[in-house]
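The numbering of the sequence shown is our numbering, which starts it at 896 and goes up by one.
In what follows, a structure is listed as structure tokens, so that the remarks can point back to it.
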Amino acid sequence: MSKVRLINYCRPQIVDVSEKGVTLLIPLNRRTRNHVKSMYIGVMTVGVDLVTGFTAMLKIRESKRNVILIFKDMKANFLKRAEGDVHYICNEGKKIAQAVDQTLKTGERVNLLVPVTATVPEKFGDEPIAEFTITLSLKEK
């Protein structure tokens, strides 16, 4: 992550990694806060990209094969302002693992819609502040 300056600038932190998925945190601070004291939409996009990509990379590394991942598109539904540290939750580890297996077996590109939920636990507990769907595209090189 540190090789990409924009990602490093946002100071992301891995909160939890499990078989189910990954939770990532991006702090709300001077760098990530906009003029209305909530998180920039661009920073939120970085969070979605990272949590989905990290979940996929864990499954790809387990396969020990050269699978390339890209993102095709993303949909976002913003429910509340992100006025605190944002947790990005991707619980699709099993579906992503199945998609990796499928691309390895068939040699074909596999597209998977991955839901990601954003929360601000310090203000709203587990209530989502945003819901995203990002299309993960996998293919063995």
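By construction, the Cβ of each residue, glycine as well, lies at the ideal position given by its N, Cα and C atoms.
Please read these numbers as outputs of a predicted model, since none were measured by experiment.
Give me the DSSP bridge partner(s) of residue i.
i	result
ASN1006	SER1032
PHE949	DSSP lists no partner for PHE949.
VAL912	VAL917
Answer yes or no: do residue i and residue j have a C-beta to C-beta separation smaller than 9 Å?
i	j	result
VAL995	SER958	yes
TYR983	VAL946	yes
SER933	GLY988	no
LYS915	ASN986	yes
ALA951	ILE991	yes
Report the residue from the options whose alpha carbon sits nearest the alpha carbon of residue i.
i	options	result
THR1001	GLU1017, VAL962, THR950	VAL962
THR1028	THR998, LYS967, ARG926, PHE1019	LYS967
THR998	PHE949, LYS954, CYS905	LYS954
TYR935	ILE909, VAL917, CYS905, LEU919	CYS905
Under the rule that 16 or more other beta-carbon atoms within 10 Å means buried, what is residue i, buried or exposed?
i	result
LEU1038	Residue 1038 lies beyond the stretch modelled for the chain, which goes from 896 to 1036, so this question has no answer here.
VAL899	exposed
THR1008	Inspection of the sequence shows that residue 1008 is occupied by Leu rather than by Thr. Its Cβ having fewer than 16 others within 10 Å, LEU1008 is exposed.
LEU974	exposed
Can you check the segment 956-1010 for any beta strand (DSSP E) of at least 3 residues that lies completely inside it and give the ranges in chain order? Qualifying beta strand (DSSP E) stretches, in chain order: 962-973, 981-985.
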